[in-house]
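S.K.: There's a structure below that I have some questions on.
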Amino acid sequence: MLEGLYAAAAGMEAQQQQMDAVGNDLANVSTSGYKAERVGFSDLLYNKVNQAGTSTTTGAGALSRVIGRSSAQGAFQQTGEPLDLAIQGEGFFQIKSAGKLALTRDGALSVDGKGQLVTSDGSLLDPPITLPAGVATGEITISQDGAVRAGTRTLGTIALVSVPAPDHLLADGSGAFTPTAASGAPKAVSGATIHQGALEGSNVDMASEMTTMVSTQRNYQLASTAIQTQNQMLAIANQLRS
Amino acid sequence: MDLGLYIAATGMVAEQTRQDQISNDLANASTPGYKSERTTQSSFGELLLSNTATGSPIGTVGEGVALGKTVTDMTPAGMQDTGQPLDFGIVGTGFFAVKTPQGVRYTRDGQFSASATGQLVTAAGDPVLDAQGNPLTVGANGRVAASSLGVHEVPGATKQGENLFSGNPSGKAAGTVRQGALELSGVDAAKAMVDMIGSMRTFQSGQQAIQAIDQTLQAASTQVGTLSGNP
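Protein sequence lines correspond, in order, to chains A and B.
Following the numbering used here, the numbering of the first sequence begins with 1 at its first residue and continues without gaps.
Following the numbering used here, the numbering of the second sequence begins with 1001 at its first residue and continues without gaps.
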């Protein structure tokens, strides 16, 4: 009897995690380069109930976990800023964040005090690109293959990299991701292009997030009703000797 | 007389199990490729009552409710388009094959991703197999052709948790793989709710029957044998 109570409670917990992911996605609907979370559900162990020679099985509820992130392309926002970059296709900018290698799709770059190109949180591009003294940001052109030029001078190339399993990148909370053993090491990608003067918007789809939210809430409610019913049944059993 | 107590109790126990299964179904209302469960209920063997003096048969009396086999409803559920390149759903019957440490298992949950070595894996990290039983590799564009996934018919597949089924495949399945879609959970919320209410009321009927028998026993133990009939 109590198994059903816990099965339904596990179901509520799984829905709660889905709701957390929806909340996070909706909060990041305007974050450049943000990728929506993918949540996966699975059932749990099955117990055999043996009674009078028959074997009946009852399940132990459900579990949810974040499987990874949606790889869908976010919409481009034209900004006209010479140091705003958007990636079309698979791939990330490689940056050094506090001395560690990290990956990001947020291409809102700026120039720091030393003339180096940095991301919005101050991380250097890897390999670093330095603007010579006297070069204004307006003179910089960045081609689709990542070559950075000031007039006719080539200042460097912005590399696009990816990992074999992007779903296992560790989000560090500032829009950047750290490669892990499960994601594999970054290596150069081909086929993706860089667009100057644009930013990639969040790929969160409001309509599908709202739909997920409604169904999550209803499924949470269903599981809670199951707990209430089990509770009523326990009360009925308690009143056997009235 | 006291046989009735135990008959009513078997009914209550059977409803408890049914309720546990409904709870599990409702907990899995969002689980892709989940298949809902029901347990058959049957009666225990009946007793033939006979007149002890004459030996002539009076009739039969049941012994209550026995739980039967758990039946999994394998009807394919609807598809939900997700647009994710590594989400797959089977339209029609059949299962994807997955290589787990315990051997090959089968699933209808096609929410896959890429591993560090570039293989197509399940959420638990187990490689997904093609029709020949070899692991699949995710292409450089982050995709796997839907036609390369193996779809197997597994008659009598039994659930073992983590969205996996075990069983022996036989023959090619009729189902086709659709990319960018997931099979919804097979739980019908309205039906589960109705079953839940019905089950609870049946449980309550068992309780009422036990209480009624208890009152009769009480009368037998306190009133029978008193001359007035009023203790």
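Cβ atoms here follow ideal geometry from the backbone N, Cα and C, with glycine treated the same way.
#1: If the cut-off is 7 angstroms on Cβ atoms, which residues from the region 1119-1135 of chain B count as contacting chain A, listed in chain order?
#2: Closer than 8 angstroms, Cβ to Cβ, to anything on chain B: give me those residues from the region 148-161 of chain A, in chain order.
#3: CB residue 161 of chain A to CB residue 94 of chain A, shorter than 8 angstroms?
#4: Keeping to the same chain, check which residues put their C-beta closer than 7 angstroms to that of residue 189 of chain A; ignore five residues upstream and five downstream.
#5: Between residue 153 of chain A and residue 146 of chain A, what straight-line distance do the alpha-carbon atoms span, to the nearest angstrom?
#6: In the DSSP output, which residue or residues are listed as bridge partners for residue 1224 of chain B?
#7: Which runs of the beta strand (DSSP E), 3 residues or longer, sit entirely within the region 145-200 of chain A?
#8: Using a Cβ-Cβ distance cut-off of 8 angstroms, determine whether residue 46 of chain A contacts chain B.
#9: Look at residue 1209 of chain B and residue 1004 of chain B and say whether their C-beta atoms are less than 8 angstroms apart.
#10: Under 8 angstroms, do residue 106 of chain A and residue 33 of chain A count as touching if we go by C-beta distance?
#11: Is residue 39 of chain A buried or exposed, if buried means 16 or more other CB atoms sit within 10 Å of its CB?
#12: Using DSSP with H/G/I as helix, E/B as strand and the rest coil, what is residue 1143 of chain B?
#13: By how many angstroms is the C-alpha of residue 1121 of chain B removed from the C-alpha of residue 164 of chain A?
#14: Which residues of chain A have a Cβ atom closer than 7 angstroms to the Cβ of residue 1145 of chain B, listed in chain order?
#15: Mind reading off the beta-carbon distance from residue 1138 of chain B to residue 1114 of chain B? Whole number of angstroms is fine, and I expect it under 8 angstroms.
#16: For a test of the three-state rule: what should DSSP assign to residue 1191 of chain B, helix, strand or coil?
#17: Give the residues from the region 178-189 of chain A that approach chain B closer than 9 angstroms (Cβ to any Cβ), ordered along the chain.
#18: Of all the beta strand (DSSP E) runs that stay within the bounds of the region 16-57 of chain A, which reach a length of 3 or more residues?
#19: Where does the unbroken alpha helix (DSSP H) through residue 228 of chain A begin, and where does it stop?
#20: Which whole-angstrom value is the C-beta distance of residue 1183 of chain B and residue 1090 of chain B, which I expect to be below 8 angstroms?
#21: According to DSSP, what are the bridge partners of residue 63 of chain A?
#22: Pairing CB atoms from the region 1069-1077 of chain B with CB atoms from the region 1050-1061 of chain B, are three or more of them under 8 angstroms?
#23: Determine whether the beta carbon atoms of residue 1009 of chain B and residue 1067 of chain B lie at a separation below 8 angstroms.
#24: Put residue 1206 of chain B into one of helix, strand or coil per three-state DSSP.
#25: In the DSSP assignment, find the unbroken alpha helix (DSSP H) run with residue 1010 of chain B in it and report its ends.
#26: My guess is that residue 236 of chain A and residue 1207 of chain B are in contact by the Cβ rule of under 8 angstroms, so how many angstroms apart are they, rounded?
#27: Leaving out the 5 sequence neighbours to the left and right, which residues in its chain are closer than 7 angstroms to residue 1040 of chain B when beta-carbon positions are compared?
#28: Tell me whether the region 1101-1113 of chain B and the region 1155-1169 of chain B touch, counting them as touching only if at least three CB pairs, one residue from each stretch, are closer than 8 angstroms.
#29: Please give the ranges of any beta strand (DSSP E) in the region 1052-1128 of chain B, keeping only runs that are unbroken, at least 3 residues long and fully inside the region.
#30: Whether or not the region 218-236 of chain A and the region 1012-1029 of chain B are in contact is what I'm after, with contact meaning three or more pairs of Cβ atoms, one per stretch, closer than 8 angstroms; do they touch?
#31: Using a beta-carbon distance below 8 angstroms, is residue 204 of chain A in contact with chain B?
#32: Note down, in chain order, every chain A residue with its Cβ under 8 angstroms from the Cβ of residue 1210 of chain B.
#33: I'd like to know if the region 96-105 of chain A and the region 171-181 of chain A are in contact, where contact means that at least 3 CB-CB pairs between them fall below 8 angstroms.
#34: Taking the DSSP output, what are the residues bridged to residue 1050 of chain B?
#35: Spell out a yes or no on whether the region 197-204 of chain A and the region 68-75 of chain A are touching, meaning 3 or more CB-CB pairs, one atom from each, closer than 8 angstroms.
#36: What do you reckon, are the CB atoms on residue 65 of chain A and residue 1123 of chain B nearer than 8 angstroms?
M.R.: On the basis of the data shown:
#1: 1123
#2: Under the 8 angstroms Cβ criterion, the region 148-161 of chain A contributes no residue.
#3: yes
#4: Answer for residue 189 of chain A: 90, 91, 160, 161, 162, listed in chain order.
#5: Answer to the nearest angstrom: the Cα atoms are 14 angstroms apart.
#6: In the DSSP output, where bridge partners are listed per residue, residue 1224 of chain B has none listed.
#7: 147-150, 153-157, 160-162, 176-178, 193-196, 198-200
#8: yes
#9: yes
#10: A contact, by the Cβ cut-off of 8 angstroms.
#11: buried
#12: coil
#13: 12 angstroms
#14: Neighbours of residue 1145 of chain B on chain A: none; closest Cβ ~17 angstroms, over 7 angstroms.
#15: 4 angstroms
#16: Helix at residue 1191 of chain B.
#17: 180, 181, 182, 183, 184, 185, 189
#18: Within the region 16-57 of chain A, the runs of beta strand (DSSP E) that reach at least 3 residues and sit entirely inside it are, in chain order, 37-43, 46-51.
#19: 206-238
#20: Rounded to the nearest angstrom, the Cβ distance from residue 1183 of chain B to residue 1090 of chain B is 7 angstroms, consistent with a contact under 8 angstroms.
#21: DSSP, once it has assigned bridges, lists A:42 as partnering residue 63 of chain A.
#22: no
#23: no
#24: helix
#25: 1002-1027
#26: 5 angstroms
#27: A distance below 7 angstroms between beta-carbons, with the five flanking residues on each side excluded, links residue 1040 of chain B to the following residues of its chain, in chain order: 1068, 1069, 1071.
#28: Enough Cβ pairs lie closer than 8 angstroms, so yes.
#29: 1057-1061, 1065-1072, 1079-1081, 1087-1091, 1095-1100, 1103-1107
#30: yes
#31: no
#32: 240
#33: yes
#34: B:1057
#35: yes
#36: Taking 8 angstroms as the Cβ cut-off, residue 65 of chain A and residue 1123 of chain B qualify as a contacting pair.
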